[in-house]
Amino acid sequence: MGSTMEPPGGGYLHLGAVTSPVGTARVLQLAFGCTTFSLVAHRGGFAGVQGTFCMAAWGFCFALSGLVVACEFTRLHSCLRFSWGNFTAAFAMLATLLSATAAVIYPLYFTRLECPPEPEGCAVRDFRLAASVFAGLLFLAYAAEVASYMATVSGLLKIVQAFVACIIFGALVHDSRYGRYVATQWCVAVYSLCFLATVAIVALSVMGYTGGLGCPFDRLVVVYTFLAVLLYLSAAVIWPVFCFDPKYGEPRRPPNCPRGSCPWDSQLVVATFTYVNLLLYIADLAYSQRIRFVPTL
Numbered sequence: 228m229g230s231t232m233e234p235p236g237g238g239y240l241h242l243g244a245v246t247s248p249v250g251t252a253r254v255l256q257l258a259f260g261c262t263t264f265s266l267v268a269h270r271g272g273f274a275g276v277q278g279t280f281c282m283a284a285w286g287f288c289f290a291l292s293g294l295v296v297a298c299e300f301t302r303l304h305s306c307l308r309f310s311w312g313n314f315t316a317a318f319a320m321l322a323t324l325l326s327a328t329a330a331v332i333y334p335l336y337f338t339r340l341e342c343p344p345e346p347e348g349c350a351v352r353d354f355r356l357a358a359s360v361f362a363g364l365l366f367l368a369y370a371a372e373v374a375s376y377m378a379t380v381s382g383l384l385k386i387v388q389a390f391v392a393c394i395i396f397g398a399l400v401h402d403s404r405y406g407r408y409v410a411t412q413w414c415v416a417v418y419s420l421c422f423l424a425t426v427a428i429v430a431l432s433v434m435g436y437t438g439g440l441g442c443p444f445d446r447l448v449v450v451y452t453f454l455a456v457l458l459y460l461s462a463a464v465i466w467p468v469f470c471f472d473p474k475y476g477e478p479r480r481p482p483n484c485p486r487g488s489c490p491w492d493s494q495l496v497v498a499t500f501t502y503v504n505l506l507l508y509i510a511d512l513a514y515s516q517r518i519r520f521v522p523t524l
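If you're matching positions, the sequence shown starts at 228 in our numbering and goes up one per residue.
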């Protein structure tokens with residue numbers, strides 16, 4: 228009697244699980260993830276809610292990636308009673324967002340170019356810099372897997388938009404003082420709304436659920452992208468005015484503001500990446516209009 232686990236005409240082990248492009252990305256995820264949290268745990272160090280989140284994100288992603296590779300390599304996923312393809316795609320999307328957030332938060336809170344005082348010294352700084360580099364590589368490895376599911380330029384642009392939004396959120400929580408004015412709170416609402424909508428679109432596309440919405444998904448995406456351009460355009464005007472205009476904020480960096488913990492620096496990062504994401508949404512809208520979604524009038 229043959230086993231249900233045995234593939235027709237093949238062995239139990241599936242070498243393509245580690246040699247295919249997606250398999251190679253998953254092996255790199257394991258290598259970069261293990262290296263990242265090992266560097267942090269050994270000498271880099273972490274503290275507080277931010278550090279705990281980063282370590283939890285890296286540990287969770289490493290454990291699930293190891294499970295995915297093991298199931299693919301041994302073909303155990305054929306015994307499972309749910310859609311393995313949808314599961315791996317959804318996990319890749321989640322891991323991309325988690326690793327992107329950790330890749331922003333850890334350098335922002337723990338990495339400095341100058342050496343900390345003894346007993347930590349320059350060794351701790353070097354470990355933290357190395358961990359930050361591998362955290363970025365880990366994000367790229369997960370993004371590469373998600374990119375394999377997203378066949379269009381528009382899909383890839385949305386992944387980058389989500390990552391840029393993570394950078395904005397990292398700067399916002401780093402003492403940006405966005406709560407002083409209703410106008411800057413509006414900007415935070417814009418960043419949050421567009422981020423959640425973009426993640427939802429990518430998740431639906433990756434998991435193949437775009438056909439059950441009751442309306443043409445492609446046209447809905449174009450309408451959302453147009454609204455996102457308008458929302459980001461409003462934030463691109465409002466945020467600099469209420470942060471750098473002399474009436475509301477500081478046009479130049481205050482001289483007595485320490486580097487690494489200055490609200491003005493966080494405000495500048497938010498402003499810069501607001502314009503980056505605005506350009507990404509404009510490029511996304513232009514590509515969607517020209518290539519595929521909206522017919523030529």
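Think of the CB as a built atom: it goes at the ideal place given N, C-alpha and C, for glycine as much as any other residue.
Predicted model, so just to flag it, every value in this text is computed and none were measured.
Exposure label - residue i; buried when at least 16 CB within 10 Å
i: residue 414; result: buried
i: residue 233; result: With a pLDDT of only 44 at residue 233, under the threshold of 50, the placement of this residue in the model should not be trusted; the figure read from the coordinates follows. Flag for residue 233 reads exposed.
i: residue 340; result: exposed
i: residue 480; result: exposed
i: residue 473; result: exposed
i: residue 372; result: buried
i: residue 269; result: exposed
i: residue 478; result: exposed
i: residue 504; result: buried
i: residue 324; result: buried
i: residue 279; result: exposed
For residue i, three-class secondary structure by DSSP
i: residue 277; result: helix
i: residue 489; result: coil
i: residue 418; result: helix
i: residue 312; result: helix
i: residue 432; result: helix
i: residue 247; result: coil
i: residue 560; result: The structure shown has nothing for residue 560, since the chain only spans 228 to 524.
i: residue 538; result: Outside the shown range of the chain (228 to 524) lies residue 538, about which nothing can therefore be said.
i: residue 475; result: coil
i: residue 451; result: helix
i: residue 504; result: helix
i: residue 467; result: helix
i: residue 446; result: helix
i: residue 413; result: helix
i: residue 242; result: coil
i: residue 514; result: helix
Whole-angstrom C-beta distance between residue j and residue i, which should lie under 8 Å
i: residue 242; j: residue 293; result: At roughly 17 Å, the Cβ-Cβ gap does not stay under 8 Å, so residue 242 and residue 293 are not in contact.
i: residue 327; j: residue 366; result: 5 Å
i: residue 282; j: residue 273; result: 6 Å
i: residue 368; j: residue 252; result: 5 Å
i: residue 466; j: residue 499; result: That pair is no contact at about 10 Å.
i: residue 200; j: residue 452; result: Because residue 200 is not part of the residues shown, which for the chain are 228 to 524, the question remains open.
i: residue 296; j: residue 244; result: 6 Å
i: residue 305; j: residue 401; result: Residue 305 to residue 401, Cβ: 46 Å. No contact.
i: residue 448; j: residue 403; result: No, residue 448 and residue 403 are not in contact; Cβ-Cβ is about 30 Å, not under 8 Å.
i: residue 266; j: residue 361; result: 7 Å
- Item | Sequence ranges, alpha helix (DSSP H) only - wholly within the segment 322-386, length at least 4 | DSSP runs (the alpha helix (DSSP H)) wholly in the segment 322-386: 348-376.
- Return the chain-ordered ranges of every alpha helix (DSSP H) run that is complete within the segment 249-306 and spans a minimum of 4 residues. 275-301
- Kindly confirm or deny that the segment 326-336 and the segment 383-401 touch, where touching means at least three C-beta pairs closer than 8 Å. yes
- Specify whether the segment 404-421 and the segment 447-460 touch according to this definition: at least 3 beta carbon pairs, one from each stretch, less than 8 Å apart. The segment 404-421 is in contact with the segment 447-460.
- Message: For the segment 425-437 against the segment 368-379, do three or more pairs of beta-carbon atoms, one drawn from each stretch, fall closer than 8 Å, so that the two count as touching?
- Response: yes
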